[in-house]
Amino acid sequence: MTERVDDGPVTTWKGFFDRPTTGKAVLVIAAYLAYYLLVGLAIGAVFGDEVDEGNVLATGASIFFALMLPIAIGAVTLLGFTASIGRLHSVFGRQTVAGRPWMWIGPALVITAIVAHAAATDWSSWQPEQIVLIALLGVCVGLAEELATRGLAVQMLRGAGHSERFVMVVSSLLFSLMHVTNVLSGMKVSTVLLTVVYTFGFGVCMYLTMRVTGTIWAAIALHALTDPTTFLASGGVDEAVTNQTGGWSALASTVAILMIAFSFVAVFLVRGNRRVPVGG
2 MTERVDDGPV
12 TTWKGFFDRP
22 TTGKAVLVIA
32 AYLAYYLLVG
42 LAIGAVFGDE
52 VDEGNVLATG
62 ASIFFALMLP
72 IAIGAVTLLG
82 FTASIGRLHS
92 VFGRQTVAGR
102 PWMWIGPALV
112 ITAIVAHAAA
122 TDWSSWQPEQ
132 IVLIALLGVC
142 VGLAEELATR
152 GLAVQMLRGA
162 GHSERFVMVV
172 SSLLFSLMHV
182 TNVLSGMKVS
192 TVLLTVVYTF
202 GFGVCMYLTM
212 RVTGTIWAAI
222 ALHALTDPTT
232 FLASGGVDEA
242 VTNQTGGWSA
252 LASTVAILMI
262 AFSFVAVFLV
272 RGNRRVPVGG
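Using our numbering, the first residue of the sequence shown is number 2, and each one after it goes up by one.
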């Protein structure tokens with residue numbers, strides 16, 4: 002049994018999204034990506050001189066204009082869109098699908114990776130300004146990407162009547178495919194493909210985190226910690242920590258592999274057509 006969430010009076014705009022389909026979930030993600038890329042291009046055209054093309058994390062200004070500002074604008078826009086279709090409560094409120102004990106493996110793996118990345122970081126090589134801006138970048142990324150995928154996409158896929166297995170796989174696939182756009186920044190295709198595989202596994206863990214904790218805020222928090230600690234440990238955006246040496250880096254790399262493997266096992270384990278009352 003499935004339920005459609007109605008958080009307010011129907012309008013033409015809201016009414017369109019009150020009839021959720023898989024196609025509309027894909028449309029929302031595609032529209033967000035296009036908007037985010039256009040915002041990035043506009044900011045680059047105006048503030049391009051502030052960006053260090055060789056190392057985007059080299060200065061505070063480069064981090065802010067190249068990375069933080071575009072995703073911050075994207076996050077605010079997504080919040081506005083979510084409010085306009087009456088989904089703020091259903092996205093940020095209590096989850097309507099109960100979690101299972103085994104799902105705690107997902108957030109446990111993510112937390113282990115965060116700790117390993119933090120321990121592997123050479124903190125002395127970073128300026129306080131860089132650390133603060135990278136941390137704020139993580140908050141913006143966590144909010145925007147979780148709202149888009151574990152929030153809006155999951156709500157629409159559930160509303161379309163799909164099983165939780167379908168919801169988990171498709172929302173995680175949409176999340177991973179969002180990172181295909183990294184090829185536009187000059188990243189090697191092989192690296193992009195590896196990123197897509199990893200982010201599928203990470204997306205599954207975020208879905209399980211949301212399920213087992215009952216709130217998207219837990220996924221947002223873990224995502225907000227994952228990106229900054231990864232950047233700080235590796236020294237770059239979408240760089241692998243495998244380039245680093247030491248036990249903590251080895252642990253982070255191992256956890257990344259386990260995350261991918263676990264995500265495929267989770268596809269066969271996940272259930273959850275059972276709904277619980279909203280707020281109960």
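Glycine is no exception: its CB is placed at the ideal position from the N, C-alpha and C atoms.
In this text the structure is predicted, and so the values were computed from the model without any measurement.
With DSSP as the reference, label Val-98 as helix, strand or coil. Taking the first residue of the sequence shown as 1, we reach residue 98 at position 97. Shown here, Val-98 sits in a strand according to DSSP, grouped into three states.
Rounded to a whole number of angstroms, what is the C-alpha to C-alpha distance between Ser-173 and Val-205? Mapped onto the sequence shown, residue 173 falls at position 172. Mapped onto the sequence shown, residue 205 falls at position 204. Each residue's Cα considered, the two are about 6 Å apart.
Have a look at Val-111 and Gly-24 and give me their C-alpha separation to the nearest angstrom. Taking the sequence shown and counting its residues from 1, the one referred to as residue 111 is at position 110. Taking the sequence shown and counting its residues from 1, the one referred to as residue 24 is at position 23. Rounded to the nearest angstrom, the gap between the Cα atoms of Val-111 and Gly-24 is 30 Å.
Have a look at His-180, Gly-45 and His-163 and flag the residue whose alpha-carbon is nearest the alpha-carbon of Val-142. The residue you call residue 142 lines up with position 141 of the sequence shown. It is His-180.
Could you have a look at Ser-173 and say whether DSSP puts it in helix, strand or coil? Sequence index remark: in the sequence shown, residue 173 carries index 172 (1-based). Ser-173 carries a helical assignment under DSSP once its states are collapsed to helix, strand and coil.
Given Leu-185 as reference, the closest of Thr-122, Ile-30 and Tyr-37 once Cα atoms are compared: Translated into the one-based positions of the sequence shown, residue 185 becomes position 184. Of the candidates Thr-122, Ile-30 and Tyr-37, the one whose C-alpha sits nearest the C-alpha of Leu-185 is Tyr-37.
Using a Cβ-Cβ cut-off of 7 Å (strictly less than) and excluding sequence neighbours within five positions of Leu-70, which residues of its own chain qualify? Here residue 70 is taken as the residue at index 69 of the sequence shown, counted from 1. These residues qualify, in order along the chain: Ile-44.
Could you tell me which of Leu-138, Thr-97, Phe-17 and Leu-34 sits nearest to Leu-175, measuring between CA atoms? As a position in the sequence shown, residue 175 is number 174, starting the count at 1. Of Leu-138, Thr-97, Phe-17 and Leu-34, the residue nearest in Cα terms is Leu-34.
Starting from Ala-234 and walking both ways along the alpha helix (DSSP H), at which residues does that stretch end? Within the sequence shown, the letter at position 233 stands for residue 234. Here the alpha helix (DSSP H) through Ala-234 covers 217-235.
Going by the CB atoms, is the gap between Tyr-208 and Gly-107 shorter than 9 Å? Position 106 of the sequence shown, counted from the start, is the residue given in the question as residue 107. Position 207 of the sequence shown, counted from the start, is the residue given in the question as residue 208. For Gly-107 and Tyr-208, yes; Cβs fall inside 9 Å.
What does a CB cutoff of less than 8 Å around Ala-222 pick up in its chain, not counting 5 residues either side in sequence? As a first step, residue 222 is located in the sequence shown; it is residue number 221 there, counting from the start. Residues Gly-143 of the same chain have their beta carbon placed closer than 8 Å to that of Ala-222, with the five preceding and five following residues left out of the count.
Apply the 10 Å Cβ neighbour rule to Leu-42 and answer buried if 16 or more other Cβ atoms are within range, or exposed otherwise. Position 41 of the sequence shown, counting from 1, holds the residue named residue 42. Under this definition Leu-42 is an exposed residue.
Are Ala-154 and Ala-26 closer than 9 Å when you measure CB to CB? Here the question's residue 154 lines up with position 153 in the sequence shown. Here the question's residue 26 lines up with position 25 in the sequence shown. The Cβ-Cβ distance between Ala-154 and Ala-26 falls below 9 Å.
Exposed or buried, Phe-82, counting other C-beta atoms within 10 Å across all chains shown (16 or more means buried)? Taking the first residue of the sequence shown as 1, we reach residue 82 at position 81. Per the 10 Å Cβ criterion, buried.
Considering Cα atoms alone, identify which of Leu-259, Thr-230 and Ala-149 is closest to Phe-93. As a working note, residue 93 is residue 92 in the sequence shown. If we check each option's Cα against that of Phe-93, Ala-149 comes out closest.
Between the Cα of Leu-137 and those of Phe-232, Gly-273 and Ala-32, spot the shortest distance and give me the residue it belongs to. Numbered from its first residue, the sequence shown carries residue 137 at position 136. Measuring from the Cα of Leu-137, the nearest candidate turns out to be Phe-232.
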